[in-house]
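Q:
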Amino acid sequence: MRKPLDERGNELDSNFSIKVRPDAFDVFMESQGGSTGGQPPRNTDYAKALAQHLARLAEHNLTLLEVQVASAPAEKMPEEDRIIEPSGYRFPLALSGVHDFNDLRLALGREVAAFNNMRGPGGNPTKRICLRVQWPGASSTSEKELTNILVGQPPVEAPTADPNELQKRIDRALARRRSSSSGRNAPPAGQVNVPKVPGTPRFIRDPEVIAWALEEADGRCALCRNPAPFKRADGEPFLEVHHVRPLGGWA
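Numbering-wise (our numbering), the sequence shown opens with residue 8 and increments by one.
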């Protein structure tokens with residue numbers, strides 16, 4: 008199971024998985040659920056994640072062959088009986104031609120609710136579903152590669168020599184790291200050579216490297232291991248990030 012990242016690199020609470028077929032692959036989105044038996048709600052970003060999955064598949068010019076309800080009761084039925092067909096859309100559906108993925112998401116939700124209502128009142132539009140996606144090269148593509156398309160890549164903060172802008176980018180990079188439930192990431196690649204702004208003493212610093220170093224430090228000096236001497240106005244521990252090789256060595 009994986010969770011996708013939104014356009015800002017924040018993890019969405021919506022589990023999904025991939026199953027590869029000879030000329031296609033299936034995307035299984037797990038159902039949304041409320042708090043029960045002391046357990047927290049699950050997959051609370053189901054709706055947003057569904058629209059985002061559709062949009063990311065469209066970026067790769069993929070075709071949605073069909074959508075199935077994949078709840079436990081539905082999977083006891085023949086496949087042809089659990090297919091849903093949202094009003095206003097004809098399948099196979101070339102996703103690159105869809106202009107409003109939220110509208111498609113809503114149309115799918117209405118059909119899922121109608122499917123469930125056939126079994127009694129209280130139809131839920133956020134049941135487990137399967138998106139069957141056409142891709143002739145699916146059999147030669149790993150589940151990991153296909154999954155990464157839907158997870159998305161977090162945005163990368165560009166290096167800058169402006170100290171105020173650098174701090175803003177560091178803060179954004181830190182926020183993204185802390186919003187992920189997958190734990191700390193590997194260190195960023197950084198810069199082979201730290202460039203300098205011509206005619207000035209300012210270096211072009213990489214905010215991703217600084218954010219990673221601060222997260223690793225966890226509020227303590229990496230040298231003496233004492234807590235930061237004070238906090239910034241926003242409550243962050245104040246620590247200076249230095250280079251193992253002094254920046255002046257790059258000049």
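No residue lacks a Cβ here, since even glycine has one placed at the ideal position from N, Cα and C.
Identify, in the order they occur along the chain, each residue of the same chain with its Cβ nearer than 6 Å to the Cβ of Gln263, setting aside the five sequence neighbours on each side.
A: Missing from the structure shown is residue 263; the chain here goes from 8 to 258 and no further.
Q: If distances are taken between C-alpha atoms only, which option among Gly16, Arg15, Ser24, Asp20 comes closest to Thr154?
A: The residue labelled residue 154 in the question sits at position 147 within the sequence shown. For Thr154, the nearest C-alpha among the options comes from Ser24.
Q: Note down, one range per segment and in chain order, each beta strand (DSSP E) of at least 3 residues found wholly within the stretch 49–101.
A: Those beta strand (DSSP E) runs which fall completely within the stretch 49–101 and span 3+ residues are 70–76.
Q: Considering only DSSP beta bridges, list what Phe32 is partnered with.
A: Here residue 32 is taken as the residue at index 25 of the sequence shown, counted from 1. Answer is Val27, Val140.
Q: Along the chain, which unbroken stretches of the alpha helix (DSSP H) at least 4 residues long are found entirely within the stretch 168–212?
A: DSSP runs (the alpha helix (DSSP H)) wholly in the stretch 168–212: 170–186.
Q: Take the Cβ of Asp241 as the centre, count every other Cβ of all protein chains shown within 10 Å, and call the residue buried at 16 or more, exposed below.
A: The sequence position of residue 241 within the sequence shown is 234, counting from 1. So Asp241 ends up on the exposed side.
Q: To the nearest angstrom, report how far apart Arg117 and Gly104 are at their CA atoms.
A: Position 110 of the sequence shown holds residue 117. Position 97 of the sequence shown holds residue 104. Looking at the two C-alpha atoms, the distance is approximately 21 Å.
Q: If contacts are defined as beta-carbon pairs under 8 Å, then Leu1 and Val76 qualify, I think. What distance do you get, rounded to the angstrom?
A: Any question about residue 1 goes unanswered here, given that the chain covers just 8 to 258.
Q: Ordered along the chain, which non-local residues of its own chain (more than five positions away) have a Cβ less than 7 Å from that of Arg89?
A: On the sequence shown, position 82 is the one that residue 89 refers to. Excluding residues within five positions, the ones whose Cβ falls inside 7 Å are Gln75, Val76, Ala81.
Q: For Ala182, count neighbouring C-beta atoms within 10 Å of its own C-beta (all shown protein chains included) and say buried if the count is 16 or more, exposed if not.
A: Residue 182 sits at position 175 when you count from the first residue of the sequence shown. Exposed is the call here.
Q: Between Asp259 and Ser146, is the Cβ-Cβ spacing less than 8 Å?
A: There is simply no residue 259 to check, as the chain begins at 8 and stops at 258 in what is shown.
Q: Do you know how far the Cα of Asn233 is from the Cα of Gln174?
A: The sequence position of residue 174 within the sequence shown is 167, counting from 1. The sequence position of residue 233 within the sequence shown is 226, counting from 1. Taking the straight line from one Cα to the other gives about 23 Å.
Q: Which two residues bound the contiguous alpha helix (DSSP H) that contains Leu115?
A: Here residue 115 refers to the residue found at position 108 when the sequence shown is read from its first residue. It spans 108–124 - the alpha helix (DSSP H) in which Leu115 sits, taken as one unbroken run.
Q: Is DSSP giving Pro244 helix, strand or coil here?
A: Taking the first residue of the sequence shown as 1, we reach residue 244 at position 237. Of the three classes helix, strand and coil, the one that applies to Pro244 here is strand, per DSSP.
Q: Taking 8 Å as the threshold (C-beta atoms), are Leu72 and Gln141 in contact?
A: Position 134 of the sequence shown, counted from the first residue, corresponds to residue 141. Position 65 of the sequence shown, counted from the first residue, corresponds to residue 72. Contact flag set, yes.
Q: Can you look up Pro234 in the DSSP assignment and give me helix, strand or coil?
A: Working through the sequence shown from its first residue, we reach residue 234 at position 227. Residue state, collapsed to three classes: strand.
Q: On the premise that Val248 lies in contact with Ala220, defined as a C-beta separation below 8 Å, what is that separation, rounded to the nearest angstrom?
A: Walking along the sequence shown from the start, residue 220 turns up at place 213. Walking along the sequence shown from the start, residue 248 turns up at place 241. Between Val248 and Ala220 the Cβ distance is about 5 Å, and since that is below 8 Å, they are a contact.
Q: Have a look at Arg184, Phe210, Arg63, Leu230 and flag the residue whose alpha-carbon is nearest the alpha-carbon of Ala218.
A: Start at 1 with the first residue of the sequence shown, and residue 218 comes out as number 211. Nearest of Arg184, Phe210, Arg63, Leu230 to Ala218, Cα basis: Arg184.
Q: Go to Ala229, then tell me how far its alpha helix (DSSP H) extends in each direction, as first and last residue.
A: For this step, residue 229 is matched to residue 222 along the sequence shown. It is not in any alpha helix (DSSP H) - Ala229 carries neither H nor E in the DSSP assignment.
Q: Out of Leu138, Asp169, Glu66, Lys83, which has the shortest C-alpha to C-alpha gap to Phe98?
A: Stepping through the sequence shown from its first residue, residue 98 is reached at position 91. Out of Leu138, Asp169, Glu66, Lys83, Leu138 has the C-alpha closest to the C-alpha of Phe98.
Q: Are the beta-carbon atoms belonging to Pro166 and Arg212 less than 8 Å from one another?
A: In the sequence shown, the residue the question calls residue 166 occupies position 159. In the sequence shown, the residue the question calls residue 212 occupies position 205. Yes; because the gap between Cβ atoms is below 8 Å, this pair is in contact.
Q: Exposed or buried, what is Gly197 when buried is set at 16 or more other beta-carbons lying within 10 Å of its beta-carbon?
A: Against the sequence shown, residue 197 aligns to sequence position 190. Exposed.
Q: Can Glu37 and Arg135 be called in contact, C-beta distance under 8 Å?
A: Counting from 1 along the sequence shown, the entry for residue 37 is found at position 30. Counting from 1 along the sequence shown, the entry for residue 135 is found at position 128. Cβ distance < 8 Å, so Glu37 and Arg135 count as in contact.
Q: If we ignore side chains and look at the alpha-carbon of each, how far apart do Tyr96 and Glu87 end up?
A: In the sequence shown, counting from the first residue as 1, residue 96 sits at position 89. In the sequence shown, counting from the first residue as 1, residue 87 sits at position 80. So the alpha carbons of these two residues sit roughly 18 Å apart.
Q: Just checking: is the beta-carbon of Asn22 within a distance shorter than 8 Å of some beta-carbon in chain C?
A: Considering every chain present, this structure includes no chain C. It has just one protein chain.
Q: Is the distance from the Cβ of Ala65 to the Cβ of Asn109 below 8 Å?
A: Along the sequence shown, one-based indexing puts residue 65 at 58. Along the sequence shown, one-based indexing puts residue 109 at 102. Their beta carbons are not under 8 Å apart, which means Ala65 does not touch Asn109 by this criterion.
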